[in-house]
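**Q** Per the UniProt record's numbering: the sequence shown = residues 1 to 634. Each residue gets a CB set at the ideal place from its N, CA and C atoms; glycine is no exception.
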Amino acid sequence: MGKKNKKDKQGKGKEKTDLKTEKNAAKRAKKDLASKGEDDIEKLIAEFQEQDKSRTQVIEEKCAPPSPRSNTTLNAHPDKDELIMFGGEFFTGSKMYMYNDLLFYNIKKNEWTKVTAPNAPPPRSSHQAVTLKQGGGQLWIFGGEFASPTQSQFYHYKELWVFHLKDKRWEKIRVPGSPSSRSGHRMVICKKQLIVFGGFHDNVRDYKYFNDAFAFNFETYSWDKLEVTGNPPAPRSGFMMGVFQDIPKAVVYGGYSKERLKKDVDKGTIHTDMFILCACDAKKKDDSAPMKWRWVHGKQSGNKPSPRCGMPMVTIPGNKAVCFGGVFDEEEDEEQLEGRFYNDMYMLDMEKGKWFSMAQDLSYVLYSFLCMSRGKKDEKEKKKRRKEKENDEDMEEEGEEKSDNEENENVNTGDENEATQEIKKLKLDEEKGACAISEEVMDGVFTIKVGPQSSTSQCSSSMDMDDADMYVDKDLFVPSPRMGSALTVKNSTLYLYGGTYESGDKQWTLSDLYSIDLHKMDEWRIIIQDDKKERYVCEDSDSSDDEDKTKKSEDMDVSDDDDDDEDDDDLDDILEGCDVPVKNEDEPVNDYFERTKEFWLEQSEKYFKSEDMSVSKRTIQKFAKEMCTEYSKK
C-alpha cells in the first residue's frame, strides 16, 4: 500500500509540474501580447460576435469586387447563375486581416452584391464550403482558422454553419460528435452527407495533423466518425479531394504535413500519393443504415503534377477533376527556402487515376470535355427509355432487369471507353468518317484541327465545333502563378480567384478573377485584372501599420515612397554605432552581400532580439539581405 501511495504522489507531482509549466507559458504569452498591444485571440473573436448581435435585419448592397485575399472559398450557386464567396485572409506585411463577408457574383450582369445577415460566422480562412439545392439552396461551411493581427495567435474552429440562400439566414448547427478544431481540411458532398477529412491544428506552441474522416448526415443532422478499414493516408492538410458523381467514393491526392525532429527543428513533407475512400456496401438499399468505408491506395498514371501544395481542385462531370497552380518550397541552402510557384492546369480522370496536362494533352482533354456533353444527353435518353420500359405492362421482369443492367454498365463505362478508343481512331484514321483530329506544332503554336463530320460518324452534333481550327498559343495569356486560390465550376466554365504569390522578398495577395470555357479551352477571360505592382509587401517587414480594423483592404496598397522614407530611418537606427563594411565602387549588391554576409546576419539577429521577436533563420537572412540592399542605395 505504501508503494502504491508513493507512486500516486509521484504522478500527482508530475501533473502539478505540467500544470505549472502551462500556466507560466500562458503568463508569458499574455505579457508578449500586452507588449504588442494585442488582446487574447478568444477575446477578439468574442468582440466580433458581440458586434454581430446588434444586427437584426438582412442588408443587401451592390459593392465593388472583393478585396485581395487568399484561402477563401468560392462556390457555384445551386440554382442561379451566381458565384458565392465567403471569408479569406489578407496579410499587409505587418498585419493580418481576416474576413467573414458573404459576397455574390452575378455572372451575366458582372455585378457583386454583399449580403450581411444576423448571426454570421466569425472571420476565418482555410475553411471549407459546399452548396446544396435542398431547402431552396444552402451554403454549408465547416472549420477554418482565425489569426490575430500580428499572427502570434491562431484559433481553429470546429463549427458547422449553413446559410439558407432563399431566406438569407445563417444557422449554426449545434450537434455533438463533430470533428475536432482544424483548418486545411477538405469537405465534399457524398450521398446525402458531408464528408470531412484531414486538416491540422496549430496553437503556436504545438501542432497536429489529422487523417480522420467524419460524415454529417443531412437527413438526421448528426455527425459520425467513420471507422474506415484499410491503410489510411498519412495525416495531412492542404491536399486535393474530389468526389464521384453517382458513387459513394472520393479521391484524396497530395497535401502537406510536418513533424518535429527535435526542439525548434521541423521536417516538412509534400505528399504525392493518392488514396480512394470508397463505400464497401455502395449498393445497399437501406439508406438509413450507416455505410461501411475502406481506404484503397490509388494507382496513378499519365502526366501527373510535380510535387506541390496549395493547389486547389474542383470536380467536373464525368468523374473528373481540374486543378491549378500550387507551390513547392526549394531549399537553396541550410537556412533559406525559395518557393517555386506554378500556373499550370491539370485534369484528373478519377476513375482511372490518370493525369492529363492541359498544355501537353489538350487534344484528349478537349475530347473528354466534349464527351461529357454527349454523355449527359445519352444518360437522360437512357433513363427515359428505361422508364418507358418499366411502365410497359407486357415487359417481363427478367427482361427488365437485364435491360437495366446493360444500360447501367453503358452509363458507367461506355462514354469513357468510347472516348479512349475513339481518340486513338481519330488520330490514326481520317478516312473513316469520324471527327478527324490532327496535332501539329508550327512556329511554337499548338494547333488542334477538327475535320468534317460525315453522317456515319459516331460523334454527335454536340461535338461539333463549327468545323473551325482552334489555336492554343504558348504566348497566350495565362493567370500568373499562385497558391491558395479559389476554384469553382458553373455551367462548364471554370472560375479562378485570388491567392498569393512570392518572388524573392516580395509577396502578393491577389484579387484577380478569370474564367475559361472547359468545352473550348481556347483562352482565359479576364473578369477582374489585378495590378500586382500595387499589391506587394515585403515579407516579414517591420514597417508600421496604423490602419483601422474596419478599413477596406482595397485601400491598403503599400506606398513605395512612404515605405522608403520609413525604412531609411529604421535602417539608420539599426546600424547606429556599427562599423559597416565599405562597399566597393561599381560592386553589385549581391556580391557585396555575399562578401559581408556575416555582418548583415549579425545585425539582423540583433534587431529581432532587441524587438523580442522569435523568427526563423530564413526570416533573419531575408531581413539581412533587405538591409544590405537598402544600405547600398544610399
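With respect to the alpha helix (DSSP H) encompassing R595, which residues constitute its N-terminal and C-terminal limits?
**A** Walking along the sequence shown from the start, residue 595 turns up at place 595. Where R595 is concerned, the enclosing alpha helix (DSSP H) stretches over V589 to R595.
**Q** Where do the N-terminal and C-terminal ends of the alpha helix (DSSP H) with S632 fall, by residue?
**A** In the sequence shown, residue 632 corresponds to position 632, counting from 1. Here the alpha helix (DSSP H) through S632 covers K617 to K633.
**Q** Thinking C-alpha only, which one of W161, G144 and M345 is nearest G198?
**A** If you number the sequence shown from 1, residue 198 lands on position 198. Per the Cα distances, G144.
**Q** Could you tell me if N71 is buried or exposed, where buried requires 16 or more neighbouring beta carbons within 10 angstroms of its beta carbon?
**A** Residue 71 sits at position 71 when you count from the first residue of the sequence shown. With 16 or more Cβ atoms within 10 Å of its Cβ, N71 is classed as buried.
**Q** Which term fits R205, buried or exposed, when burial requires 16 or more other beta carbons within 10 angstroms of its beta carbon?
**A** To locate residue 205, count along the sequence shown from 1; it is residue 205. So R205 counts as exposed.
**Q** Is V365 helix, strand or coil when you go by DSSP?
**A** Residue numbering aside, residue 365 sits at position 365 when the sequence shown is read from its first letter. Correct three-state label for V365: helix.
**Q** Beta-carbon within less than 7 angstroms of K43's beta-carbon, same chain only, minus the 5 sequence neighbours each way: which residues are those?
**A** Taking the first residue of the sequence shown as 1, we reach residue 43 at position 43. So no residue of the chain qualifies.
**Q** Assign residue 658 to one of three DSSP states: helix, strand, or coil.
**A** Beyond the ends of the chain as shown, which are 1 and 634, falls residue 658; an answer cannot be given.
**Q** Using a Cβ-Cβ cut-off of 7 angstroms (strictly less than) and excluding sequence neighbours within five positions of F593, which residues of its own chain qualify?
**A** Taking the first residue of the sequence shown as position 1, residue 593 is located at position 593. Hits under 7 angstroms: W600, K625 and C628.
**Q** Among A215, Q151, K53 and P118, which has the Cα closest to the Cα of D167?
**A** Looking up residue 167 in the sequence shown gives position 167. Taking only the C-alpha atoms, the option nearest D167 is P118.
**Q** In whole angstroms, give me the CA-to-CA distance for F324 and E330.
**A** Here residue 324 is taken as the residue at index 324 of the sequence shown, counted from 1. Here residue 330 is taken as the residue at index 330 of the sequence shown, counted from 1. Taking the straight line joining both Cα atoms gives about 19 angstroms.
**Q** Assuming the contact rule is C-beta atoms closer than 8 angstroms, F239 and H271 should be a hit. Round their C-beta distance to whole Å, please.
**A** As a first step, residue 239 is located in the sequence shown; it is residue number 239 there, counting from the start. As a first step, residue 271 is located in the sequence shown; it is residue number 271 there, counting from the start. With a Cβ gap of about 7 angstroms, F239 and H271 count as contacting.
**Q** Check each candidate in V115, V196 and T220 and name the one with the smallest Cα separation from V175.
**A** What you label residue 175 is simply residue 175 of the sequence shown in a count that begins at 1. Comparing Cα positions, the closest option is T220.
**Q** Does Q507 pass the burial test, meaning 16 or more other C-beta atoms within 10 Å, or should it be called exposed?
**A** As a first step, residue 507 is located in the sequence shown; it is residue number 507 there, counting from the start. So Q507 ends up on the buried side.
**Q** Quick one: give me the first and last residue of the alpha helix (DSSP H) that E61 is part of.
**A** Start at 1 with the first residue of the sequence shown, and residue 61 comes out as number 61. Here E61 belongs to no alpha helix (DSSP H); instead the beta strand (DSSP E) covers I59 to C63.
**Q** My output table needs one value for D52: the three-state DSSP class, helix, strand or coil.
**A** Indexing the sequence shown from 1 puts residue 52 at position 52. Here D52 sits in helix by DSSP.
**Q** Evaluate N75 with the Cβ neighbour count: other Cβ atoms within 10 Å of its Cβ, from every protein chain shown; 16 or more gives buried, anything less gives exposed.
**A** As a first step, residue 75 must be located in the sequence shown, where it is residue number 75. That one is buried.
**Q** Here's the rule I'm using: 16 or more other beta-carbon atoms within 10 Å means buried, otherwise exposed. How should D344 be labelled?
**A** Taking the first residue of the sequence shown as 1, we reach residue 344 at position 344. Buried, since its Cβ has 16 or more Cβ neighbours within 10 Å.
**Q** In angstroms with no decimal places, state the Cα-to-Cα distance between K192 and D512.
**A** Here the question's residue 192 lines up with position 192 in the sequence shown. Here the question's residue 512 lines up with position 512 in the sequence shown. C-alpha separation (whole angstroms): 34 angstroms.
**Q** Taking 8 angstroms as the threshold (C-beta atoms), are L83 and I59 in contact?
**A** Start at 1 with the first residue of the sequence shown, and residue 59 comes out as number 59. Start at 1 with the first residue of the sequence shown, and residue 83 comes out as number 83. Against a cut-off of 8 angstroms, the Cβ pair of L83 and I59 comes out as no contact.
**Q** In the DSSP output, what is K170 paired with across the bridge?
**A** On the sequence shown, residue 170 is found 170 positions in, with the first residue counted as 1. The amino acid at residue 170 is misidentified as Lys; the sequence shows Trp. Beta-bridge pairing links W170 to F163.
**Q** Nearest CA to the CA of R236: which residue from K622, T269, L132 and P312?
**A** By one-based count along the sequence shown, residue 236 stands at place 236. Residue T269 is the option with its Cα nearest to R236.
**Q** Does the Cβ-Cβ distance between Q128 and T73 come in under 8 angstroms?
**A** Translated into the one-based positions of the sequence shown, residue 128 becomes position 128. Translated into the one-based positions of the sequence shown, residue 73 becomes position 73. Yes.
**Q** Taking the beta strand (DSSP E) that F154 belongs to, which residues open and close that run?
**A** To locate residue 154, count along the sequence shown from 1; it is residue 154. F154 to H156 is the span of the beta strand (DSSP E), which, as asked, contains F154.
**Q** Using CA atoms only, rank isn't needed, just tell me which of P233, S126 and V188 is closest to S181.
**A** Taking the sequence shown and counting its residues from 1, one reaches residue 181 at position 181. Here the closest residue by C-alpha is S126.
**Q** Between which two residues does the beta strand (DSSP E) holding M187 run?
**A** The residue you call residue 187 lines up with position 187 of the sequence shown. Segment R186 to I189, the beta strand (DSSP E) holding M187.
**Q** If you run the structure through DSSP and keep just helix, strand and coil, what is E334?
**A** As a working mapping, residue 334 is identified with position 334 in the sequence shown. Because the pLDDT of E334 is 49, which lies under 50, any placement of that residue in the model is unreliable, and the number read from its coordinates should be weighed accordingly. In the structure shown, E334 sits in coil (DSSP, three-state: anything other than H, G, I, E or B).
**Q** If you draw a straight line from the alpha carbon of C190 to that of A359, how long is it in whole angstroms?
**A** In the sequence shown, the residue the question calls residue 190 occupies position 190. In the sequence shown, the residue the question calls residue 359 occupies position 359. Approximately 31 angstroms, taken between the alpha carbons.
**Q** Between the region 51 to 65 and the region 482 to 502, do at least 3 Cβ pairs fall closer than 8 angstroms?
**A** No contact exists between the region 51 to 65 and the region 482 to 502.
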